[in-house]
Amino acid sequence: MAPASKDSLTVVDNRNGKTYEIPIAVTAHDASVPASAFKDIIHVKEDPRTGNKEKVGLRVVDRGFLNTAVIQSYITFIDGDRGILRYRGYPIEQLAEQSNFLETSYLLIWGELPSKSQYDRFHDEVMNHSTTHVDIEHVFKSFRYDAHPMSILTSVFAALGSYYPEANPSLQGQNLFTKKDLASVQNMDKQIYRLIGKAPTLAAMAYRVRQGRHFITPPPGLSYTGAFLYQMDCLGQAEYKPNPVLERALDILFILHADHEMNASTTTVLQAGSSLTDPYSAIATGCASLYGPLHGGANEAVIRMLISIGSPDNVPAFLEQVKRREKLLSGFGHRVYKTTDPRSRIIRRTADEVFKVTGKDPLIETAMRLHDMALKDEYFVKRNLYPNVDFCGLIYKAMGFPLDFFPVLFAVPRVVGWIAHWRQMMLSPDGVKIWRPRQIYIGPEERAYEPIGQRQEREQRAPTDGPTAVFHSGQSKRSKLATFVGKSKL
């Protein structure tokens, strides 16, 4: 038997004594093994009813993708143990201090910081594509007055794709964005300009429709975040200009939120994108994923938590409730970081600048007491529960944004990260392979169909064992009591 390669894993199947050699791919940052290699480790499965035997390879189980890599990426590097975040090799601290959001966007998408002329062209394209078709206004106005702005934004991104049939592989051919010729790349770049340019416009429209205000055409001559604030807040005042401190703070927060590797929403965008759907539909799926309280809704949850605590004096009792698992602690801990989230330090500095012009939010004292006590408590330190980026909600609150708008302020910059990863996948030299995870089936074996008259009603031992009764009131209740043609008889 030939000696095993140094860069390999030797696996012994103790069920039959067979030995398998699995290659290890070593990169500058880590090492990996192909999950598909475990399919060659065969075991025999027997059907308990028929006795038939079937050879089945091993599957790798990874609930929640705790240690499964789905792609190779050049975009974002995270070292969770050391608290490092870099975009294309550049430390997030340097970009937050010296760059701006559009320059960082260029970096994330095309891999290098732009020259002056490259930046100017990109800036002009994005800002020139910030307006929307007038019919989009009707989509916004079709929502209830109290609709959550993330529901609105998700829906409008999906609708936006219907305005650009040239961006739809279902209409133009499935290799629309993957053939890498000049026309294909130009088409892709145009969609990138549109998505980045329209993201703040759509967000501002979602904000204004909730306020009962007319929509505003994006103004010329302002920065990306300046134009965003203008579209949200201007009520017709002549020469209206957003406060520069708030404008810069929002720009920094946009940089921090632009990308974060394979988070839930980015993975969702790539899952959808792997079917070669149009980029607008893929971005809409990212918004839907970001909407959840375990992801983009977390900064909103932080503020609600602080409000529920009430005052700094109540923090010790709250932390004891967290330890007893009676309350949830938001704003601490991260799937990747095992130390302080590097973005949280930047947020703290940015908050200090914002508070100079807005005044300190009353919740800041509660937040700081929570921060200081948690960092000194062995229970939280042992569990790596350090502050994360979700404390940016304090800045949003100080700037006067409503709580349910916080996820939108996350989604607008994250569009750039989603696009960067989508583009990287479309242009992969290995082509696009549809993402189709496997499962471990644990349900019943084959069984015969029984006609409804012969079935016995099974006991429902838990609420989840069958459909539950829904409370009816008003018209529904009256209709259930009425008689009419076609009404089912129970």
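Read in the numbering used here, the sequence shown has 576 at position 352, and its numbers run on one by one without any break. Cβ coordinates follow ideal geometry from the N, Cα and C atoms, glycine included.
Helix or strand or just coil, what does DSSP make of residue i?
i: residue 387; result: helix
i: residue 300; result: strand
i: residue 247; result: strand
i: residue 537; result: helix
i: residue 452; result: helix
i: residue 319; result: helix
i: residue 681; result: coil
i: residue 665; result: coil
i: residue 234; result: strand
i: residue 380; result: helix
i: residue 686; result: coil
i: residue 400; result: coil
i: residue 639; result: helix
i: residue 349; result: helix
i: residue 309; result: strand
Assuming residue i contacts residue j under a Cβ cut-off of 8 Å, what Cβ separation, rounded to an integer in Å, is found between them?
i: residue 581; j: residue 469; result: 5 Å
i: residue 628; j: residue 373; result: 6 Å
i: residue 332; j: residue 311; result: 6 Å
i: residue 449; j: residue 355; result: With a Cβ gap of about 17 Å, residue 449 and residue 355 do not count as contacting.
i: residue 262; j: residue 284; result: 6 Å
i: residue 644; j: residue 295; result: Actually they are not in contact, since the Cβ atoms of residue 644 and residue 295 sit about 12 Å apart, beyond 8 Å.
Which word fits residue i, buried or exposed, when buried means at least 16 other C-beta atoms lie within 10 angstroms of its C-beta?
i: residue 341; result: exposed
i: residue 715; result: The shown model of the chain, from 225 to 714, leaves out residue 715, and the question about it has no answer.
i: residue 447; result: buried
i: residue 460; result: exposed
i: residue 703; result: exposed
i: residue 325; result: buried
i: residue 387; result: exposed
i: residue 552; result: exposed
i: residue 366; result: exposed
i: residue 289; result: exposed
i: residue 695; result: exposed
i: residue 571; result: buried
i: residue 362; result: exposed
i: residue 713; result: exposed
i: residue 682; result: exposed
i: residue 673; result: exposed
Leaving out the 5 sequence neighbours to the left and right, which residues in its chain are closer than 6 Å to residue i when beta-carbon positions are compared?
i: residue 604; result: 598
i: residue 415; result: 391 and 503
i: residue 630; result: 523, 524, 617 and 620
i: residue 623; result: 470
i: residue 529; result: 554
i: residue 412; result: 401
i: residue 389; result: 395
i: residue 510; result: 489, 492, 493 and 642
Please go through the same chain and pick out, in chain order, the residues whose beta-carbon is closer than 8 Å to the beta-carbon of residue i, but skip the five residues on each side of it.
i: residue 440; result: 428, 432, 454, 455 and 458
i: residue 519; result: 487, 488, 489 and 513
i: residue 257; result: 233, 246, 247, 248 and 249
Can you find the residues in the same chain that come closer than 7 Å, C-beta to C-beta, to residue i, ignoring five residues on each side of it along the sequence?
i: residue 590; result: 530, 533, 535, 536 and 539
Beta strand (DSSP E) runs contained entirely in the segment 551-599, provided each spans 3 or more residues:
none
Segments assigned alpha helix (DSSP H), at least 4 residues, entirely inside the segment 450-529:
468-481, 488-497 and 503-514
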